Amino acid sequence: MPLVPMRVLLDYAAENDFGVGAFNVNNMEQIQAIMTAARETESPVIIQASRGARSYSDDAYLRHLMLAAVELNPDIPIAMHQDHGNSPATCFSAIDQGFTSVMMDGSLMDDGKTPASYEYNVDVTRQVVEAAHPKGVTVEAELGCLGGIEDGHGAGLTGAEALAHLTDPAQAEEFVAATGCDALAVAIGTSHGAYKFTKKPTGEVLRMDVIKEIHRRLPNTHMVMHGSSSVPRELVDIINQYGGLISETYGVPVEEIQLGIQHGVRKINVDTDSRLAITGAIRKVFAEKPGAFDPRDYLKPARAAMAEVVKARMIAFGQAGHAGKVPKVSLEEMGRRYHDMAPAR
Ligand code: G3H
Ligand code: 13P
Ligand code: ZN
Numbered sequence: 077m078p079l080v081p082m083r084v085l086l087d088y089a090a091e092n093d094f095g096v097g098a099f100n101v102n103n104m105e106q107i108q109a110i111m112t113a114a115r116e117t118e119s120p121v122i123i124q125a126s127r128g129a130r131s132y133s134d135d136a137y138l139r140h141l142m143l144a145a146v147e148l149n150p151d152i153p154i155a156m157h158q159d160h161g162n163s164p165a166t167c168f169s170a171i172d173q174g175f176t177s178v179m180m181d182g183s184l185m186d187d188g189k190t191p192a193s194y195e196y197n198v199d200v201t202r203q204v205v206e207a208a209h210p211k212g213v214t215v216e217a218e219l220g221c222l223g224g225i226e227d228g229h230g231a232g233l234t235g236a237e238a239l240a241h242l243t244d245p246a247q248a249e250e251f252v253a254a255t256g257c258d259a260l261a262v263a264i265g266t267s268h269g270a271y272k273f274t275k276k277p278t279g280e281v282l283r284m285d286v287i288k289e290i291h292r293r294l295p296n297t298h299m300v301m302h303g304s305s306s307v308p309r310e311l312v313d314i315i316n317q318y319g320g321l322i323s324e325t326y327g328v329p330v331e332e333i334q335l336g337i338q339h340g341v342r343k344i345n346v347d348t349d350s351r352l353a354i355t356g357a358i359r360k361v362f363a364e365k366p367g368a369f370d371p372r373d374y375l376k377p378a379r380a381a382m383a384e385v386v387k388a389r390m391i392a393f394g395q396a397g398h399a400g401k402v403p404k405v406s407l408e409e410m411g412r413r414y415h416d417m418a419p420a421r
């Protein structure tokens with residue numbers, strides 16, 4: 077089966093009350109790790125690439141690696157998603173490269189740092205929806221700004237400033253109606269990267285109540301949780317045990333994500349946990365076998381370690397066992413459906 081529109085996965089997930097992990101990739105081993113986990117758990121998958129990933133791996137390599145994943149796993153529905161598109165141009169180039177879903181992150185200006193106005197966000201998101209939907213491509217938008225900063229992306233908000241940029245549920249209603257986006261990323265106190273919380277998060281800093289209120293107002297909108305790595309202590313410990321230096325930190329507990337899934341969260345973005353698993357495995361090989369210099373000696377365990385963490389998330393989010401049951405809808409068919417759904421002008 078070819079790459080599928082992400083909207084099909086999210087609609088099916090909503091009908092069956094589960095969430096779908098969206099795992100970031102930069103190279104072949106990460107794609108293989110996700111596909112191993114998907115095969116072993118019979119999960120539909122979302123594989124996503126940031127702008128940095130596209131430039132690191134080069135679009136052509138990435139496209140062919142994704143096509144290889146499709147060819148080798150004909151029974152698994154795979155959506156390919158642009159993570160944090162900073163402008164309509166980035167989203168359009170992703171669509172040209174065969175991505176079946178794009179995120180227009182108009183919560184920030186195109187520098188990926190400066191919080192944008194609501195009007196700017198509506199305008200750029202609307203432009204992307206108008207270009208993507210006729211092609212059957214899914215559009216994720218973001219309202220409110222995540223905390224923190226990672227590899228140059230993010231407004232760097234912390235503390236009270238971050239809390240001031242949480243998603244406003246009333247504005248979310250207006251935004252979804254004004255843009256026609258398929259999925260909405262919400263700011264609820266999470267941030268990208270390994271340093272999210274200084275202690276196990278309580279409801280004051282991880283605002284699951286915002287998710288509940290948005291779901292109450294928009295029961296048919298698919299919500300997306302960014303910055304959803306759980307930063308497991310055991311992965312951090314492996315890195316530190318073998319010479320790394322990650323200070324005490326807390327991520328988003330899996331049970332909070334599961335609560336979100338009960339209240340309309342359908343896509344859960346995870347990158348940091350994969351990075352931690354890979355780095356720990358590589359450090360271990362380097363420490364235990366200082367003579368090793370064949371990249372396969374450390375990339376194989378790295379790939380296996382990432383597959384384990386992805387597998388655990390797929391099971392926890394509930395997508396396991398659903399690969400064969402997702403309706404088969406092509407981009408062309410999805411394009412026709414959007415056309416039929418569009419309000420008459
Ligand atoms: O948006 C955050 C993801 O973890 C991607 O990070 O921009 O370093 O590839 P990146
Ligand atoms: P983490 O850094 O928590 O893995 O978040 C990834 C993410 O939100 C990608 O868009
Ligand atoms: Zn993100």
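For the sequence shown, my numbering gives the first residue as 77, with consecutive numbering after it. We put the beta carbon where it would ideally sit given N, CA and C, even for glycine. Owing to the predicted nature of the structure, the values given are computational and were not obtained by experimental measurement.
Leaving aside the five residues that flank Val307 on each side, the residues in its chain whose CB is nearer than 6 Å to its CB run, in chain order, Ala270, Thr325 and Gly327. Rounded to whole angstroms, the Cβ separation of Val341 and Met299 is 5 Å, and the two are in contact under 8 Å. Ranking Glu195, Ser177 and Val178 by CA distance to the CA of Met185 puts Glu195 first. Distance from the Cα of Val281 is smallest, within the candidate group Val252, Ala254, Thr234 and Gly188, for Thr234.
Secondary structure at Phe251: helix, using DSSP grouped into helix, strand and coil.
When secondary structure is reduced to three states using DSSP, Arg342 falls in the strand class. Buried is the label assigned to Asp349, since at least 16 other Cβ atoms lie within 10 Å of its Cβ.
One alpha carbon belongs to Glu289, the other to Phe251, and they sit about 15 Å apart.
Closest in C-alpha terms to Phe175, from the list Val80, Thr190 and Gly95, comes Val80. Excluding residues up to 5 positions away in sequence, Glu105, Gln108 and Ala109 lie with their Cβ nearer than 7 Å to the Cβ of Arg379 in the same chain. Taking Thr297 as the centre and dropping the five residues before and after it, the same chain places the C-beta of Val252 and Leu260 closer than 6 Å to its C-beta, in chain order. For Gln108, the enclosing alpha helix (DSSP H) starts and ends at Met104 to Thr117.
In this structure, Met179 and His160 form a Cβ contact; the two beta carbons are roughly 6 Å apart against a cut-off of 8 Å. Looking at Tyr374, Asn102 and Thr201, the one whose alpha-carbon comes closest to that of Val215 is Thr201. Counting only runs of at least 4 residues, the stretch 135-176 fully encloses the following alpha helix (DSSP H) elements, listed from N- to C-terminal order: 135-148 and 164-172.
With the rule of 3 Cβ pairs closer than 8 Å, the stretch 236-244 does not count as touching the stretch 308-325. DSSP places Leu86 within a helical segment (H, G or I) once states are collapsed to three. Between Asn92 and the set Lys360, Asp285, Gln338 and Ala254, the nearest pair of CA atoms involves Gln338.
Between the C-alpha atoms of Ile315 and Lys365 there is a straight-line separation of about 16 Å.
Cα atoms of Ala353 and Val386: separation of roughly 10 Å, rounded to the nearest angstrom.
Relative to the ligand 13P, the beta carbon of Lys272 is positioned inside 8 Å of a heavy atom. Counting along the chain, no beta strand (DSSP E) covers Thr201; the unbroken alpha helix (DSSP H) around it starts and ends at Tyr194 to Ala208.
In the DSSP assignment, the residues bridged to Phe273 are Tyr326. Thr355 sits in a helix when the DSSP states are folded into three classes. A distance below 9 Å separates the beta carbons of Gly188 and Gly230. Remark: C-beta atoms of Met284 and Leu335 approach each other more closely than 9 Å. Cβ-Cβ distances below 7 Å link Val286 to Leu242, Thr243, Pro245, Val262 and Ile264 in the same chain, with the five nearest sequence neighbours on each side left out; the list follows chain order.
The DSSP-derived three-state label of His291 is helix. At a cut-off of 8 Å, the beta-carbon of Arg309 does not count as near the ligand G3H: no heavy atom of the ligand is closer than that. By the C-beta density criterion, Gln317 is exposed, having fewer than 16 other C-beta atoms within 10 angstroms.
Closest by C-alpha distance to Thr190, out of Arg130, Gln158 and Gly223, is Gly223.
Annotated as distal: Lys272 and Val96, with beta-carbon spacing of 9 Å or more.
In the structure shown, Glu218 adopts extended strand secondary structure according to DSSP, grouped into three states.
Put simply, of Ala248, Val101, Lys404 and Gly256 the residue whose alpha carbon is nearest the alpha carbon of Arg293 is Ala248. Distances from the CB of His160 to the heavy atoms of the ligand ZN include at least one below 8 Å.
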